[in-house]
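Engineer: Oh and the sequence shown: position 412 is 463 in this note's numbering, straight run, nothing missing. Positions of the beta carbon are idealized from the N, C-alpha and C atoms, including for glycine. I have a structure I would like to understand better, so I am pasting it below and will then ask my questions one at a time.
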Amino acid sequence: MGTAFEPFELSEQNYSLNQSFMKALVYYGARDVRVSEVPDPKIEQPTDVLVRITTTNICGSDLHMYEGRTNMEEGRIFGHENLGEVIEVGNAVVNIKVGDMVCMPFNIGCGHCKNCESGLTAFCLTMNPGFAGAAYGFAGMGPYDGGQAEYLRVPYGDFNCLKLPEDAQEKENDYVLLSDIFPTGFHATQLAGVKPGDNVVIYGAGPVGLMATISAGIKGANKIMVVDDHPDRLKLAEELGGIPIDFSKAPAVDQVLELTDGLGADRGCECVGYQCCDKHGHEHNNIIMNELVQAVKFTGSIGVVGVFVAPDPKAEDPLAKKGHMDFDFGNFWLKGQSIATGQANVKSYNRQLCGLISSGKAKPSVIISHELSLDDAPDGYKHFDARDKGWTKVILKPGQQGATKTQAVEREAVTA
Ligand code: ZN
Ligand code: ZN
Numbered sequence: 052m053g054t055a056f057e058p059f060e061l062s063e064q065n066y067s068l069n070q071s072f073m074k075a076l077v078y079y080g081a082r083d084v085r086v087s088e089v090p091d092p093k094i095e096q097p098t099d100v101l102v103r104i105t106t107t108n109i110c111g112s113d114l115h116m117y118e119g120r121t122n123m124e125e126g127r128i129f130g131h132e133n134l135g136e137v138i139e140v141g142n143a144v145v146n147i148k149v150g151d152m153v154c155m156p157f158n159i160g161c162g163h164c165k166n167c168e169s170g171l172t173a174f175c176l177t178m179n180p181g182f183a184g185a186a187y188g189f190a191g192m193g194p195y196d197g198g199q200a201e202y203l204r205v206p207y208g209d210f211n212c213l214k215l216p217e218d219a220q221e222k223e224n225d226y227v228l229l230s231d232i233f234p235t236g237f238h239a240t241q242l243a244g245v246k247p248g249d250n251v252v253i254y255g256a257g258p259v260g261l262m263a264t265i266s267a268g269i270k271g272a273n274k275i276m277v278v279d280d281h282p283d284r285l286k287l288a289e290e291l292g293g294i295p296i297d298f299s300k301a302p303a304v305d306q307v308l309e310l311t312d313g314l315g316a317d318r319g320c321e322c323v324g325y326q327c328c329d330k331h332g333h334e335h336n337n338i339i340m341n342e343l344v345q346a347v348k349f350t351g352s353i354g355v356v357g358v359f360v361a362p363d364p365k366a367e368d369p370l371a372k373k374g375h376m377d378f379d380f381g382n383f384w385l386k387g388q389s390i391a392t393g394q395a396n397v398k399s400y401n402r403q404l405c406g407l408i409s410s411g412k413a414k415p416s417v418i419i420s421h422e423l424s425l426d427d428a429p430d431g432y433k434h435f436d437a438r439d440k441g442w443t444k445v446i447l448k449p450g451q452q453g454a455t456k457t458q459a460v461e462r463e464a465v466t467a
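Shown next, in the form of structure tokens:
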């Protein structure tokens, strides 16, 4: 399948492809990722599908690994937000065909364990034995290679590929967000229990927070208050129907209370994770959780989709090192609040959200700021990691050979 083999005669038969190589973004250590030649993936199980990746995204959660904050093994390929064309299927694959355009949830599920059967595919019991949950190219989530590469092996292809509609190529930059952040943003509102008319506070106007903003709108929320200190991100949140809350100007809790007659928001969404910072840029893993307790009303509920880890040996704070936090449980209990947490079961939402994209009712691609070739991925990581102005969401196009120019995407007016 590597470029040396093109044009390659593809069929649904299994080929032995172990002599060809592809380009992939490989992790070499903290803040050191490079595009390297690695062996092509091949069909290993009759239920596998091979996908030629046409779009793959850099995710905020890739940065935890990029920064060397995890136990990610050197030599692994990043990339859990993947979309592409099926080029080969195993003998036992019945639904997915060569030529299908597919988007893969970042979670890899088996489809037949107790959790997968209940729709809890983020907590699959068989794909990463000893743990619950597997993903492509992710620390601690199993041995699976990521899709920031030319090709990707998808286990249990029938279960893990979402077959996209006819307009797959035209709306590729929207559909690729079904792999993670659109369902994850939606999951935040689902965990928080957002209902029509609710006032919602969303912490974080990064890609997931912006997707939660769109999702709260889809669910008919009333005031959607979005907390961040990056003006460009807050502006996007406003374009998506949010009320920008800039915590560098005044305490976010005060602003939320003022907008809610002193009562607090009905629902709160945490879309940042353990590397959240105070206004001086110092990391404290408890800031947002404690602010949510204050900013959400008595008996309100909080959904947490930002990543928290246990343990976090490279944290400075001794509690954070253990994966613990100084959480205001007393106030939380007195207020009768509830919290729900965890990774999104992408498969529970991706088909429905796909329909909203197809019908034009949702256009999540408005948050994409940069479209790069795979060769430019290391540069993309550098800018995204530095939270450089305007680098909101970076997507990679592995098929675009030689397109080495960094392209800032011109944004269309937000209408969705
Ligand atoms: Zn992601
Ligand atoms: Zn499973």
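Determine the contact status of V153 and K214, defining contact as a CB-CB distance below 8 Å.
Structural biologist: yes
Engineer: Return the CA-CA distance between G150 and I339, expressed in angstroms with no decimal places.
Structural biologist: Approximately 45 Å, taken between the alpha carbons.
Engineer: CB of G208 to nearest heavy atom of ligand 2: below 7 Å?
Structural biologist: no
Engineer: From F157 to L101, what does the alpha carbon distance come to, in whole angstroms?
Structural biologist: Rounded to the nearest angstrom, the two C-alpha atoms are 15 Å apart.
Engineer: Specify whether the region 172-186 and the region 242-259 touch according to this definition: at least 3 beta carbon pairs, one from each stretch, less than 8 Å apart.
Structural biologist: no
Engineer: Short check: CB of S410 to CB of K444, under 8 Å?
Structural biologist: Cβ atoms of S410 and K444: not closer than 8 Å.
Engineer: State the CB to CB distance for the pair K222 and I408, rounded to an integer number of angstroms; the pair is presumed to be in contact (CB under 8 Å).
Structural biologist: 6 Å
Engineer: Would you say A316 and V307 are within 8 Å of each other, going by their C-beta atoms?
Structural biologist: yes
Engineer: Just grab the DSSP bridge partners of D297 for me.
Structural biologist: D279
Engineer: Can you tell me which residues fall inside 7 Å of ligand 2, judged by beta-carbon distance to its nearest heavy atom, and keep chain order?
Structural biologist: G160, C161, G162, H163, C164, N166, C167, T172, C175, L176, T177 and M178
Engineer: Between which two residues does the alpha helix (DSSP H) holding E223 run?
Structural biologist: E223 to Y226
Engineer: Using the Cβ count rule (16 or more neighbours within 10 Å means buried), how would you classify S67?
Structural biologist: Unreliable positioning characterises S67 in this predicted model, as indicated by a pLDDT of 49, which lies under 50. A coordinate reading is not provided.
Engineer: Quick one: is C161 buried, meaning 16 or more other Cβ sit within 10 Å of its Cβ, or exposed?
Structural biologist: buried
Engineer: Does the beta carbon of C110 fall short of 7 Å from some heavy atom of ligand 1?
Structural biologist: yes
Engineer: What ranges does the alpha helix (DSSP H) occupy inside the region 150-222, keeping only unbroken runs of at least 4 residues that lie completely in it?
Structural biologist: 165-168 and 208-211
Engineer: Contact defined as beta carbons within less than 8 Å: I believe V227 pairs with L134. What is the distance between those atoms, to the nearest angstrom?
Structural biologist: About 4 Å; that satisfies the 8 Å criterion.
Engineer: Using a Cβ-based criterion (distance less than 7 Å to any ligand heavy atom), does D439 qualify as near ligand 1?
Structural biologist: no
Engineer: If I follow the unbroken alpha helix (DSSP H) through S266, where does it start and stop?
Structural biologist: It spans P258 to I269 - the alpha helix (DSSP H) in which S266 sits, taken as one unbroken run.
Engineer: Pull the bridge partners of K246 from the DSSP assignment, please.
Structural biologist: Answer is none; K246 lacks a bridge partner.
Engineer: What I want to know is whether the C-beta of E132 ends up closer than 7 Å to one or more non-hydrogen atoms of ligand 1.
Structural biologist: yes
Engineer: Just mark V259 as buried or exposed, buried being the case when its beta carbon has 16 or more other beta carbons within 10 Å.
Structural biologist: With 16 or more Cβ atoms within 10 Å of its Cβ, V259 is classed as buried.
Engineer: Can you name the residues that DSSP bridges to C320?
Structural biologist: I253 and G354
Engineer: Does the region 260-280 come into contact with the region 423-435, if we say contact requires no fewer than three beta-carbon pairs (one atom in each stretch) closer than 8 Å?
Structural biologist: no
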